[in-house]
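In my numbering, the protein residues as written are 29 to 246.
Glycine included, each C-beta is placed from N, C-alpha and C at the ideal position.
Note that this is a predicted model, so its numbers are computed, not measured.
A short write-up of the structure that comes next.
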């Protein structure tokens with residue numbers, strides 16, 4: 029017998045996802061389904077998907093999954109400065125910061141539950157809406173034993189023109205700021221151009237980050 033939550037997800041996915049409200053609804057339902065699977069002892073190999081679900085509904089994340097992403101950036105930053113990033117390092121960053129791994133895990137999870145997957149223009153629209161929900165919601169590395177020396181915060185840059193990340197089926201612009209102790213270290217992303225507005229946002233990273241308030245674990 030099909031779960032009610034699966035039926036609701038199928039109905040929403042079949043309508044298509046073109047608004048932030050739809051994406052938030054889907055991510056909340058997916059998070060609940062992940063928890064139901066975990067309670068039943070099913071596979072838990074969806075760390076990135078779970079992180080993104082949590083990211084949708086919290087103002088900041090500082091749990092274990094968020095810290096792994098921060099520590100990856102922290103370890104890679106000196107290599108970047110020295111020009112020593114390996115092809116493996118570059119592939120890892122590309123998968124994480126283009127959110128390709130998010131798409132991969134999302135579609136694997138949907139297929140596992142015999143639900144419609146998301147690809148092509150539909151994925152671009154879905155991703156655009158998702159990015160709009162996590163603007164200014166940083167990942168932070170906090171607490172004892174974190175020991176980062178280069179990067180302790182990753183945040184999606186908010187100051188983009190509305191058309192830059194519109195849910196129109198085109199690849200959305202993605203621009204991340206990597207910071208340490210409130211100072212911008214570098215930016216990375218995909219599909220973006222540095223408009224005057226974006227450059228201005230990078231001059232003062234503290235202005236876009238907002239209150240230093242942590243959210244639930246992820």
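With contacts defined by Cβ atoms closer than 8 angstroms, residue 185 and residue 205 form a contacting pair. Under a 10 Å Cβ-count criterion, residue 64 is classified as exposed, with fewer than 16 other Cβ atoms of the shown protein chains found around its own Cβ. Straight through space, the alpha carbons of residue 125 and residue 170 are spaced by roughly 21 angstroms. Remark: C-beta atoms of residue 38 and residue 143 approach each other more closely than 8 angstroms.
Under the 10 Å beta carbon count, residue 200 is surrounded by 16 or more other beta carbons and is classified as buried. Each residue's CA atom was taken as its position, placing residue 54 and residue 90 some 23 angstroms apart.
It is roughly 16 angstroms from the alpha-carbon of residue 182 to the alpha-carbon of residue 175. Judged by beta-carbon spacing, residue 93 lies beyond the 8 angstroms limit of residue 77, meaning their Cβ atoms are not closer than that value. In the three-state reduction of the DSSP assignment, residue 75 falls in the helix class, which pools H, G and I.
Across the set 33, 115, 116 and 147, the C-alpha of 147 shows the shortest separation from the C-alpha of residue 128. In the structure shown, residue 205 falls within a strand segment according to DSSP collapsed to helix, strand and coil.
Under the DSSP assignment, residue 214 falls in the beta strand (DSSP E) whose first and last residues are 211-218. Setting aside the 5 residues that flank it on each side, residue 160 is surrounded in the same chain by 48 and 193, each with a C-beta closer than 7 angstroms to its C-beta; the list follows chain order. The distance from the Cβ of residue 198 to that of residue 152 is about 6 angstroms, consistent with a contact at the 8 angstroms cut-off. Secondary structure at residue 31: coil, using DSSP grouped into helix, strand and coil. Using a Cβ distance threshold of 8 angstroms, residue 130 and residue 104 do not count as a contacting pair.
Going by DSSP, residue 179 is part of no alpha helix (DSSP H) at all; its letter is neither H nor E.
Residue 203 counts as buried, since no fewer than 16 other beta carbons sit within 10 angstroms of its beta carbon. Note that the C-beta distance between residue 141 and residue 51 is not below 8 angstroms. Residue 97 and residue 158 have their alpha carbons spaced roughly 18 angstroms apart. For residue 70, the number of other beta carbons within 10 angstroms of its own is below 16, and it is reported as exposed.
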